[in-house]
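If you read the sequences in order, they're chains D, F, E and U. Going by my numbering, the first sequence runs without a break in its numbering and finishes at 1376. Going by my numbering, the second sequence runs without a break in its numbering and finishes at 1376. Going by my numbering, the third sequence runs without a break in its numbering and finishes at 1376. Going by my numbering, the fourth sequence runs without a break in its numbering and finishes at 1376.
Protein chains: 4
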Amino acid sequence: MPKAMEMLESYPRTFNVDAQLLANAIEALIECGNVCTQCADACLSEEDVRMMVKCIRLDLDCADVCLATSRVISRQTEYDANVTRPVLEACIQVCKSCGDECEHHGHHMEHCRICAESCRRCEQACRELLDAIS
Amino acid sequence: MPKAMEMLESYPRTFNVDAQLLANAIEALIECGNVCTQCADACLSEEDVRMMVKCIRLDLDCADVCLATSRVISRQTEYDANVTRPVLEACIQVCKSCGDECEHHGHHMEHCRICAESCRRCEQACRELLDAIS
Amino acid sequence: MPKAMEMLESYPRTFNVDAQLLANAIEALIECGNVCTQCADACLSEEDVRMMVKCIRLDLDCADVCLATSRVISRQTEYDANVTRPVLEACIQVCKSCGDECEHHGHHMEHCRICAESCRRCEQACRELLDAIS
Amino acid sequence: MPKAMEMLESYPRTFNVDAQLLANAIEALIECGNVCTQCADACLSEEDVRMMVKCIRLDLDCADVCLATSRVISRQTEYDANVTRPVLEACIQVCKSCGDECEHHGHHMEHCRICAESCRRCEQACRELLDAIS
């Protein structure tokens, strides 16, 4: 069982969202956040780094936004949908932009292919959580 | 001159947003992010910490979201409004929620009074930047 | 295969550290970082939150330091042991302090028991990586 | 008065370190963290980005480590020197490495010149705080 779910099961209060959807989103976000950090670094090491500038920039943004989102949704104490909802919405947009850019490079750069997949999974997991809390 | 503005003036390309509005938002975000971190810690040290639980939670969220937002808007390379806009919108919401909560405690807790002010200034600076890029 | 390892295998240059040790450390760090965020929140929700103040504080520190460390070691481009080494050393200390504190509460709070285990695993994975690069 | 000091003066307990040294370090860290984020971005926009790869990498590391350090030292509740000391030591090293690299480029790139200065100031402020708590 992934740690996010184990931790949710040990939470001392009840919470109003489906624990499985929440754990899926947390796991997808922390994975995507780090994959983006690694992808930005791999892009920096490419021979033709100029071609990768936009990808690096979006990877860095996506890493930062996924991290902040994973932390916000990990907090269930005094849950406030007015905070969670716009943060998830922003994260979905950023994952989409980063996933699109990585996809362009994915056929000849394996790190971008893996990163695009992580962004898509993360976007999807955030969307499912957002639908459940709206 | 604050460092954010000095750095923007040394940026090697042109950018499409008013540099002063951008620098104001960056400075407000990094200040608010750290004031929220300090406020969460001051709340944790209060005699009646149970009364501060909601405030701590929102302070932590606001610190994380302000930080991510400051980084996203600090990046001008390959600027993408589809990324910047939803991130600013989310940050405005979180600053509002955190500012409201801190304001409740502000008349008898100086750290919450200062933090509420930082959240309001940050919300305002983000809103002015958002209006300029929409 | 965990994503950190998949990403390392797609890195366009060679690197001088054992990829498996590096991937283990990255995975342990991102897990521990998020488990600490969740543990701080679960502690905040405990009936007797005053008893948990020290634990919350160390959880927050450990989350921040694990995150920074995961990002620093994920970057292999222009690798510099003078950066990696002190960052790993600091992270080992913080994981130790947080793990010790969580262990005190672990017999009656499941979230602290899980978090203590994550801190121990992370401390160990960072130590193995540090030994390999020293 | 900078906000970090104002917040320290509103802290509900006493603390054992000189408030002015602490506030100086916090302010230097949050400034340096953001200047490094802006410098990485400015480097990415340089015509000859390949020459800036090492600088970008160190800027990103320095931004992450300064941020984590600013948060750790901003927390005075249940202060633990075993946490604060190694984190400050790591940050001093990273600021030194990043400052050295930025200095190389500083005579023909204004963003690197400003960033090197921020790194030096931050290194110095962290060292003064470390000396005071050792």
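We treat Cβ as the ideally placed atom computed from N, Cα and C, and that holds for glycine.
Query: Residue 1317(U) - DSSP class collapsed to helix/strand/coil; Result: coil
Query: Min CB distance residue 1298(U) to chain D below 8 Å; Result: yes
Query: CA-to-CA distance, residue 1367(F) to residue 1263(F), given in whole angstroms; Result: 7 Å
Query: Under the three-state DSSP convention, the category residue 1290(F) falls into; Result: coil
Query: Per-residue DSSP class, three states only, for residue 1350(D); Result: coil
Query: CB contact check: residue 1350(D) to chain E, cutoff 8 Å; Result: no
Query: Below-8 Å beta-carbon distance, residue 1261(F) vs any chain D residue; Result: no
Query: Residue 1312(U), DSSP secondary structure in three states; Result: helix
Query: Simplified DSSP assignment, three categories, for residue 1342(D); Result: helix
Query: Residue closest to residue 1260(U), alpha-carbon to alpha-carbon, out of 1316(U), 1333(U) and 1344(U); Result: 1316(U)
Query: Distance, residue 1341(U) Cα to residue 1360(U) Cα; Result: 8 Å
Query: Residue 1258(F) (DSSP reduced to helix, strand or coil); Result: coil
Query: Residue-chain proximity (residue 1276(D), chain B), Cβ-Cβ < 8 Å; Result: Included in the structure are the protein chains D, F, E and U, with no chain B among them.
Query: Below-8 Å beta-carbon distance, residue 1268(U) vs any chain F residue; Result: yes
Query: Presumed contact (8 Å Cβ cut-off) between residue 1270(D) and residue 1250(D), rounded CB distance; Result: That pair is no contact at about 15 Å.
Query: Residue 1339(E) at chain D interface by Cβ criterion, 8 Å; Result: no
Query: Neighbour flag for residue 1295(E) against chain F, beta carbons, 8 Å; Result: yes
Query: Length of the line joining the Cα atoms of residue 1293(U) and residue 1252(D); Result: 50 Å
Query: Test: residue 1313(E) CB closer than 8 Å to a CB of chain F; Result: no
Query: Close-in-space but distant-in-sequence residues of the same chain around residue 1273(U) (CB under 7 Å, 5 per side omitted); Result: 1360
Query: Proximity test, Cβ basis, 8 Å: residue 1319(U) and chain E; Result: yes
Query: Min CB distance residue 1332(U) to chain E below 8 Å; Result: yes
Query: CB contact below 8 Å: residue 1255(E) versus chain F; Result: no
Query: DSSP state of residue 1306(U) mapped onto helix, strand, coil; Result: helix
Query: Beta carbon proximity, residue 1286(E) to chain F, threshold 8 Å; Result: yes
Query: CA nearest to the CA of residue 1377(E), picked from 1246(E), 1281(E), 1275(E) and 1267(E); Result: An answer regarding residue 1377(E) cannot be provided, because it is not within the stretch 1243 to 1376 covered by chain E.
Query: For residue 1369(E) and residue 1321(E), the rounded distance between their alpha carbons; Result: 18 Å
Query: Burial state of residue 1339(U), where buried means 16 or more other Cβ atoms lie within 10 Å; Result: buried
Query: Contact check, residue 1268(U) vs residue 1327(U), beta carbons under 8 Å; Result: no
Query: Chain-ordered neighbours of residue 1358(U) on chain E, where CB pairs are closer than 8 Å; Result: Residues of chain E passing the Cβ test: none, with the nearest at roughly 16 Å.
Query: Contact belief for residue 1329(D) with residue 1319(F) at Cβ below 8 Å, rounded distance in angstroms; Result: With 8 Å as the limit, residue 1329(D) and residue 1319(F) do not qualify as a contact, their Cβ atoms being about 24 Å apart.
Query: Between the CA atoms of residue 1350(D) and residue 1325(U) - distance to the nearest angstrom; Result: 44 Å
Query: Outcome for residue 1301(U) when other beta-carbon atoms lying within 10 angstroms are tallied against a minimum of 16; Result: buried
Query: Minimum C-alpha distance to residue 1287(U) - residue among 1352(F), 1364(F) and 1257(F); Result: 1257(F)
Query: Span separating the alpha-carbon of residue 1307(E) from that of residue 1255(F); Result: 34 Å
Query: Any C-beta of chain D under 8 Å from that of residue 1310(F); Result: yes
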